[in-house]
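Report on the structure given below.
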Amino acid sequence: MQLTPIGISRPMTASPARSPTPLVALSGVTKSFGAVRALGGVDLAIGPGECLGLVGHNGAGKSTLMQILAGTLHHDEGTLVAGGAPTGAFSVGAAHDAGIRCVFQELSLCPNLSVAENTRLRHPGLKGFGWRQPAGALIEATLSEIFPGHTIRPDDLVADLELGERQMVEIAMNFTATGDRPRLVILDEPTSSLDHSVAAQLLAHVRRFVAAGGSVILISHILGDILGTSDRIVVMRDGRVVAERPAAQFDRAALVAAMGHVAETAPETAAAAVAEARPADRPIVEARPPRQRGARSLTLYPGQIVGLAGLAGHGQTALLRLIQNAAGSTSRFAKVEGSVAFVAGDRQADGVFPLWSIGQNVTIRSLAALSRFGLIDGRRERAVEEAARETFQIRTPDMDDNILTLSGGNQQKALFARALASDAAIIAMDDPMRGVDVGTKREVYARIAEEAEKGRAFLWYTTEFDELLNCSHVYVFRSGEIVADLPRGELTEEKVLQSSFEETADA
Amino acid sequence: MTRFSSRVLRSAVPALSFGVILAAIFVIQPRAMSYVGMNLMLNLALPIAFATIAQLFVLTIGDLDLSIGGFVSLVACIAATWLNDTPLLGVAALLACIGVYALLGALIHWRNLPSIVVTLGMSFVWLGCAVLILPSPGGSAPTWLTAIVKFKTPYVPLSILGAAVLAFVVHVALMRSAAGVVLRGAGGNAQAVARAGWSLLRVKVTMYALAGCFGVLSGLVLVGTTTSADANIALRYTLFSIAGAILGGAEFTGGRVSPIGAVLGALTLALVGSLLSFMRISPDWQIGAQGIMLIAVLALRTLVNRLEAREA
Amino acid sequence: AQEASDKTFALSNNYAGNSWRQAMIKSWETGTKAAVEAGAAKAADAFTTGENSPTEQAAQLQNLILQGYNAIVLNAASPSALNGAVKEACDAGITVVSFDGVVTEPCAWRVAVDFKKMGVDQIDYLATRYPDGGNLLEIRGLAGTSVDDEIHAGLLEGIKKHPNFKIVREVQGDWTQTVAQKSVASVLPSLPEIVGVVTQGGDGYGAAQAFEAAGKPVPTIIMGNRQDELAWWKEQKDKNGYETFSQSIAPGVSTLAFWVAKEILDGTEVPKDLSVPTLRIDQDGLEKGLEMTPEGGVTNVEYTEEQAKAVIAGK
Amino acid sequence: MSEATLTTKRPGLKRLGRSYPFLFSFVGAAVIFAVTLVVNSFNGAGPILTAALTFGAFTVVVGLGQMFVITTGPGNIDLSVPSTIAFAGAVAMKLMEGQDSLIFLGLAAALGVGLVIGAFNYLLIRALKIPPIIATLSSSFIIQSLAIAYGRGLMIKPPPLLAEIATGRVAGLPIVALVALALSLVMAVVLHRTVYGRSVAAIGQNIRAAGLAGVKVDRVRFATYVLSAMLAALCGTLLAGFSGGASLNMGEEYLLASIAVVVVGGSAVAGGSSNVSGIWGAALFLTLLVTMLNTFGVGAGVRQLLTGLIIIAVITLAGGRKGARH
Ligand SMILES: Nc1ncnc2c1ncn2[C@@H]1O[C@H](COP(=O)(O)OP(=O)(O)OP(=O)(O)O)[C@@H](O)[C@H]1O
Ligand SMILES: Nc1ncnc2c1ncn2[C@@H]1O[C@H](COP(=O)(O)OP(=O)(O)OP(=O)(O)O)[C@@H](O)[C@H]1O
Ligand SMILES: [Mg+2]
Ligand SMILES: [Mg+2]
């Protein structure tokens, strides 16, 4: 059977931006989860050919709103107009028919299926005898269009992919068109697990898509992305829209202020105060990546903050894991003195205990210390929970609520709290700021600096360059090896990128 | 590239276990290396293979069926009584059984019940029905059924052909077809499937109905071979089917299954029994040896995985 | 004719989880070892599967066929579900002798106990003890098996003969003492006055325990030749003159079946249906019965070639 | 006891079942008990309950171990329970030689057998990476053979004191039930208030995350399989004392029963969340069910049919739990 490549999404005949009939319009939409009012009457409209930036603190209601647009949640009150006609019960099918596609914050791929098979799942049109080939070609084409140079193949199992690669697949899948084309693509923190260059590829694609008449809602806590990509920016706070203006009328400070955070005071200098290493006589971690050639190895001294950089999936997480496992046992590759606490970046896979309350999720790492005569002391446990809620401003009415009732960023804060509340001397952080809002980030940076001051050591893998400025020096990884060790003074984005890509001759 | 080759290796393990055991049998008992020999060793494995596939459908969506043994027993009893005496009633009863299975799927979905408890209850129900239909062992299989099951195919015994066809058909339907993707996806991430607009209810009902269908086929093939039934005839199939599927590489979570592996797993279990009886172990230790053999087969799998890990 | 034989025998057994089956396998091993040493057979191997499953045993039979045994002696998991495999064995020229759990396939021989009679006998005995009749409690065996069905049918027949008896409650014992004990204990509170407990053998001790635990007078419980039953009975007999009787098929019947198979292979004309009497212990024989029963085991006898010939001759 | 549950606030029956998943088994037990009494024209309430407590107690003891195993996550199950019961019971009886003075020796040996079996099970699971269901199935075969070779199925009388304890009563309550109750209380504390208990639940929800959160995954899983086998061994010893000796098949009924009390009692089948109270509810429910059906005096077929339908009815009414959100 000859299937013409249905092709790369060429969104509909371009219509003039800001046309009078919006693609979707919400007015007075509310949504409550039990006692939590996630949305308190939201009005929002998006027209064809525009990129709407959506920002707000963790738990502001962004994801909830997007889920309503995608038909996976139903709003309590208010109206939703899609494709010109008001819809009572908006369903997944209706959203799909209206051309709405959504890349959810917590990805929704089937790990047991291949990339091509996941594509088929999203595109019911791909069926019949010999569907595999066109499905593979389709996703391959979109991937190459959005992320030129990617290495994902259609028959790779999703479970075998890195988190970032999974995110790329999910994004590509939603930009792919089969019978009907996507008109509105919702991207809920799409760049949180992508490294810088890939994120740039995505944002460029968003611009192209919009230029061709498509619409995008872009949610991100990386304000630069929002400011540089959106046509219009909507700010949410506590379940309401508090500001809505063309992007050009916002700058970073204005956005931060609109989100309800105190304006920043030059962030780098705050960190710089503590970032100078105070090497004690003995390192508490000495580790070599298993694939390392040559003599280079990683060392960490008490009170030091050391960064791990490089493209996503080049062995940073693996080394953190290795160090975590080496604590308390012997390993060929790492010598660790002192206990390690881990802050997961892939929170669903590595961090969250989905049946437990927020409190239990926080205290799991500290239980031994909270026990008396072998029994966990309930009062002390509660005290730790409350302290965590306060320091990290976890947005919840009750720490006994299930962890999954938290917004993504707040879950991440709980994981942070877990590690910092523990007695570990070493904190290994695996790109831990994924989805954390700017305000909280700043507070967390300060906490880290404070803790380092007290003697805790931090290993910090991050995909955001700015975060590396908090570190005293940075190891750059490529293909499972450390290829450079950049002291703070020499740290520039170009240098990191250069080391990440370039084949160095020596070892 | 490593991703691909490791997957190939993983899926080759069940075949490897099967081959190793078969080779051991041929060494100990050369007589087994013949048409008659293979048929004798494997014809009772065919119904187990069908039951294993039935179990596999349920495993695919992350559930477990503890009732398949009782169900196959019931089907055997129906086939040896009603299907023989009053074929119309028999066919209706078998269809009704499949219908009940499909309803179970719906019930489990609607009420969000743990499949283990529901099928545990059903195992009593099926057995109770079997005892009611056939209070004392007996009955006889319809002659057409015996004729089909005992048919002497040229060159390759029917049991092997049957198993091959079974594995191929289910593999194509579940692993290659477009519909199979949705069914397996529901096991991997049900929410994603729902978000993509598919009905989870339909998925569950389909899978349980398929389990019912293959359970019925298992029962029919079984009575065809034994010619007569017994209410307790297949109670062990519950364990066998789970063991076979696991031997074949299935996992309890996430829709990771392999129909070809499962069929090979079921056949391997049968061969383990044969090998043991050829080895003439003291009766005290015959049961224990079965355990050791199972461990050995699975240790082989681990060994291969280790080799593969070293390569990667 | 006792010349050196080149015939091979296999025992196919389907359950190993109780003392009766263990005694049966032991008897086979001791009995046939002597026969092999005496040159009456070349080999006599025992095979067993674990869980009383007809399909597993059928597969085992097929493996035995493949190994080319001359005779298969069979205690079957099911009278009917093995018929396919038994037929295949016969077609391969193998002599199949079933015992205890016999098969209905016509080509096989059956060394059978009249299970129905075991049921009738229980009521007959109770009728001598309680001429006015009374209420009975029945402990049944594994549901859906023929032994269970036949003993039950025998009991019903006995009651037809002695209509003043009535089975007021039927509980499931699954031939497992702990299960029987539990079932009896659970119905005791709701039970009217009963005079006897009819059983399928081996459940007597558990039933007695249940009555004693509930503080109820122990009725006449029919025993099944287990040592613990006999010991309990003896204790009661000495204490208060407790009376009952005990019966079961002797595990050594496996050796009888072996000799029958040997006769058939030797060319003796043997009828397809043979019957062995049950081993019965009465009030007077209790001491002797207890003596010949191993501690914790089952009353057993092994059979000789002569006894087998006598059985074949119908004596 | 504080049960870990989702607190999605929704009123009504569902809510109740969600925060107290074990409640329904107790309600089921009560209803069945009431029906039995009605059929029995309100006679014998005491003895019926006592019998249920006695036989339920044995199931509770093995059920506790099975619960911990099941809680460690999908696919974890201990199928070696029945053969451990038989083997440990035989070892205990043989070593006790019917003498009261040797009871402790016998009990210790039985528990030792449990320990070795549990360790062996986990060795198979960990070192050979065999899925637990097959690992414990295989080891159950081996143990069964050991039991056969060791005891030949001969029933050795328990020491009189042990028999007295196993069948005796204190204040009208069966001693075994009191033992099981005490054990349950300890296990409830272990489950909810110790690092070990929390670790079990953490592993059951997400084994990877548990390891990264500092849970000693291997140690905890090892301890869990050992615990299960040791409780089975204890049950075997008590059961042998109760029924006049150890027999080869005395554990058979506890395979399904041990799993059934856990899952009917409202523990999550996929692991991560469990409760001790539910085991009692389910054990009483299942034993009273046998009593009721025996009291009805229906035939074996109908009995089985009703057993199944009632189990399904109870679980359907109780309903399952939904994940909060994703
Ligand atoms: N299923 C649920 N049950 C209870 N509360 C919920 C549920 N889902 C969301 N919420 C609450 O609704 C609020 C909005 O959450 P939402 O996920 O929309 O935030 P967000 O803006 O996407 O945050 P983030 O930036 O952290 O992703 C939060 O307070 C959250 O705790
Ligand atoms: N679970 C069983 N499966 C198959 N056959 C059995 C089973 N239990 C007993 N039998 C068979 O039933 C017949 C009578 O059994 P009976 O109840 O007299 O003894 P038993 O079960 O061996 O005793 P015990 O349980 O005390 O060891 C024998 O043929 C025996 O082999
Ligand atoms: Mg969000
Ligand atoms: Mg018995």
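So the sequence lines, in the order shown, correspond to chains A, B, C and D.
Per my numbering, numbering of the first sequence is gapless, rising by one per residue and ending at 507.
Per my numbering, numbering of the second sequence is gapless, rising by one per residue and ending at 1312.
Per my numbering, numbering of the third sequence is gapless, rising by one per residue and ending at 2315.
Per my numbering, numbering of the fourth sequence is gapless, rising by one per residue and ending at 3326.
All C-beta atoms, glycine included, are put in the ideal place defined by N, C-alpha and C.
> What runs of the beta strand (DSSP E), each 3 residues or longer, lie entirely inside the region 324-356 of chain A?
Replying inline: 334-336, 340-343
> Quick one: what's E2170 (chain C) bridged to in DSSP?
Replying inline: Position 170 of the third sequence, counted from the start, is the residue given in the question as residue 2170 (chain C). Answer by DSSP bridge pairing, in chain order: C:E2138.
> Can you tell me whether DSSP reads C975 (chain B) as helix, strand or coil?
Replying inline: A question about residue 975 (chain B) goes unanswered here, because the residues of chain B that appear run from 1001 up to 1312.
>> I'd like to check one pair, S2183 (chain C) with N3206 (chain D): are the Cβ atoms closer than 7 Å?
In response: In the fourth sequence, counting from the first residue as 1, residue 3206 (chain D) sits at position 206. In the third sequence, counting from the first residue as 1, residue 2183 (chain C) sits at position 183. It is not a contact, given that the beta carbons lie outside the stated cut-off.
>> According to DSSP, is V3269 (chain D) part of a helix, a strand, or is it coil?
In response: The count along the fourth sequence starts at 1 and reaches residue 3269 (chain D) at position 269. If DSSP states are grouped into helix, strand and coil, V3269 (chain D) belongs with coil.
>> Could you compute how far the alpha carbon of A344 (chain A) sits from the alpha carbon of R3208 (chain D)?
In response: Residue mapping note: residue 344 (chain A) aligns to position 344 of the first sequence, counting from 1. Residue mapping note: residue 3208 (chain D) aligns to position 208 of the fourth sequence, counting from 1. Rounded to the nearest angstrom, the two C-alpha atoms are 11 Å apart.
> Which of helix, strand or coil does DSSP assign to P182 (chain A)?
Replying inline: Position 182 of the first sequence, counted from the start, is the residue given in the question as residue 182 (chain A). Note: P182 (chain A) maps to coil in three-state DSSP.
> Looking at the unbroken alpha helix (DSSP H) that takes in E386 (chain A), where does it start and where does it end?
Replying inline: Numbered from its first residue, the first sequence carries residue 386 (chain A) at position 386. Residues 378-392.
> Under three-state DSSP, which class holds M429 (chain A)?
Replying inline: One-based indexing of the first sequence puts residue 429 (chain A) at position 429. Strand, per DSSP.
> So what's Y445 (chain A) in DSSP terms, helix, strand or just coil?
Replying inline: The residue you call residue 445 (chain A) lines up with position 445 of the first sequence. Looking at Y445 (chain A) - three-state DSSP - the assignment turns out to be helix.
>> With a threshold of 7 Å between beta carbons, is P1014 (chain B) in contact with chain D?
In response: Residue 1014 (chain B) sits at position 14 when you count from the first residue of the second sequence. No - not a single Cβ of chain D is within 7 Å of the one on P1014 (chain B).
> Who are the neighbours of L2188 (chain C) on chain D, taking C-beta pairs under 7 Å?
Replying inline: To locate residue 2188 (chain C), count along the third sequence from 1; it is residue 188. What L2188 (chain C) touches in chain D: P3047.
>> For the beta strand (DSSP E) containing W460 (chain A), name the first residue and the last one.
In response: Within the first sequence, residue 460 (chain A) is the residue found at index 460, counting from 1. Where W460 (chain A) is concerned, the enclosing beta strand (DSSP E) stretches over 457-461.
> If the cut is a Cβ gap below 7 Å, which residues of chain A does Q1191 (chain B) touch?
Replying inline: Taking the second sequence and counting its residues from 1, the one referred to as residue 1191 (chain B) is at position 191. By Cβ distance, chain A contributes S108.
> Does DSSP classify V3314 (chain D) as helix, strand or coil?
Replying inline: Residue numbering aside, residue 3314 (chain D) sits at position 314 when the fourth sequence is read from its first letter. Three-state result, V3314 (chain D): helix.
> How long is the line joining the alpha carbons of S407 (chain A) and G378 (chain A), rounded to whole angstroms?
Replying inline: Your numbering for residue 407 (chain A) matches position 407 in the first sequence. Your numbering for residue 378 (chain A) matches position 378 in the first sequence. When rounded, the distance between both Cα atoms is 26 Å.
> At a cut of 8 Å, does the region 439-454 of chain A reach the region 326-334 of chain A through at least three beta carbon pairs?
Replying inline: no
>> According to DSSP, is K3129 (chain D) part of a helix, a strand, or is it coil?
In response: As a first step, residue 3129 (chain D) is located in the fourth sequence; it is residue number 129 there, counting from the start. K3129 (chain D) falls in the coil class under three-state DSSP.
>> If contacts are defined as beta-carbon pairs under 8 Å, then P2219 (chain C) and V2197 (chain C) qualify, I think. What distance do you get, rounded to the angstrom?
In response: To locate residue 2219 (chain C), count along the third sequence from 1; it is residue 219. To locate residue 2197 (chain C), count along the third sequence from 1; it is residue 197. The pair is a contact, with the Cβ atoms about 6 Å apart (cut-off 8 Å).
>> So with CB distances below 7 Å, who are the chain B contacts of E117 (chain A)?
In response: The sequence position of residue 117 (chain A) within the first sequence is 117, counting from 1. Those within 7 Å of E117 (chain A) in chain B are V1181.
>> Only counting the same chain, and skipping five residues up and downstream in sequence, which positions put a Cβ closer than 7 Å to that of L1056 (chain B)?
In response: Residue mapping note: residue 1056 (chain B) aligns to position 56 of the second sequence, counting from 1. Closer than 7 Å at Cβ, skipping near neighbours: A1245, A1250, V1257, P1259, A1262.
> How big is the Cα-Cα spacing for E106 (chain A) and M173 (chain A)?
Replying inline: Position 106 of the first sequence, counting from 1, holds the residue named residue 106 (chain A). Position 173 of the first sequence, counting from 1, holds the residue named residue 173 (chain A). Straight-line Cα distance between these residues: approximately 15 Å.
> Rounded C-beta distance between V1313 (chain B) and I3311 (chain D)? I'm assuming under 8 Å.
Replying inline: Here chain B has residues from 1001 to 1312 only, and residue 1313 (chain B) is not among them.
> Closer than 9 Å, Cβ to any Cβ of chain A: which residues of the region 3200-3232 of chain D, in chain order?
Replying inline: A3201, A3202, G3204, Q3205, N3206, R3208, A3209, A3210, G3211, L3212, A3213, G3214, V3215, K3216
> For the region 2070-2090 of chain C, which residues have a beta carbon sitting closer than 9 Å to at least one beta carbon of chain B?
Replying inline: A2077, S2078, P2079, S2080, A2081, L2082, N2083, G2084, A2085, K2087, E2088
> Would you report the Cα separation of E390 (chain A) and T405 (chain A), rounded to the nearest angstrom?
Replying inline: As a working note, residue 390 (chain A) is residue 390 in the first sequence. As a working note, residue 405 (chain A) is residue 405 in the first sequence. C-alpha separation (whole angstroms): 18 Å.
>> With a threshold of 6 Å (Cβ to nearest heavy atom), would N995 (chain B) be considered close to ligand 1?
In response: This structure does not reach residue 995 (chain B), given that chain B is present from 1001 up to 1312, and the question cannot be answered.
> Nearest to R2226 (chain C) by alpha carbon, out of C:V2111, C:E2212, C:S2246?
Replying inline: The count along the third sequence starts at 1 and reaches residue 2226 (chain C) at position 226. With distances taken between Cα atoms, R2226 (chain C) lies closest to C:S2246.
>> Quick check on the DSSP output: what are the complete alpha helix (DSSP H) runs of length 4 or more inside the region 3142-3230 of chain D, in order along the chain?
In response: 3160-3167, 3175-3193, 3195-3205, 3207-3212
> Distance, Cα to Cα, P1283 (chain B) vs A1192 (chain B)?
Replying inline: As a working note, residue 1283 (chain B) is residue 283 in the second sequence. As a working note, residue 1192 (chain B) is residue 192 in the second sequence. Rounded to the nearest angstrom, the two C-alpha atoms are 52 Å apart.
> Beta carbon of V2097 (chain C), beta carbon of V2301 (chain C): below 7 Å?
Replying inline: Position 97 of the third sequence, counted from the first residue, corresponds to residue 2097 (chain C). Position 301 of the third sequence, counted from the first residue, corresponds to residue 2301 (chain C). Cβ atoms of V2097 (chain C) and V2301 (chain C): not closer than 7 Å.
>> Among the candidates C:T2095, C:A2127, C:I2065, C:G2289, whose CA atom is the shortest distance from the CA of W2233 (chain C)?
In response: Counted from its first residue, the third sequence places residue 2233 (chain C) at position 233. It is C:G2289.
>> Please list, in chain order, the chain B residues whose beta carbon lies closer than 8 Å to that of N2063 (chain C).
In response: For the purposes of this step, residue 2063 (chain C) is identified with residue 63 of the third sequence, where counting begins at 1. Under the 8 Å cutoff, chain B gives L1040, M1041, G1273, S1274, S1277, F1278.
> What do you reckon, is the C-beta of G260 (chain A) under 6 Å from a heavy atom of ligand 1?
Replying inline: The residue you call residue 260 (chain A) lines up with position 260 of the first sequence. No, the beta carbon of G260 (chain A) sits no closer than 6 Å to any heavy atom of ligand 1.
> By how many angstroms is the C-alpha of A2041 (chain C) removed from the C-alpha of T2304 (chain C)?
Replying inline: Position 304 of the third sequence holds residue 2304 (chain C). Position 41 of the third sequence holds residue 2041 (chain C). Their Cα atoms are separated by approximately 14 Å.
> Can you tell me whether S479 (chain A) is buried or exposed, with buried defined as 16 or more other CB within 10 angstroms of its CB?
Replying inline: Within the first sequence, the letter at position 479 stands for residue 479 (chain A). Flag for S479 (chain A) reads exposed.
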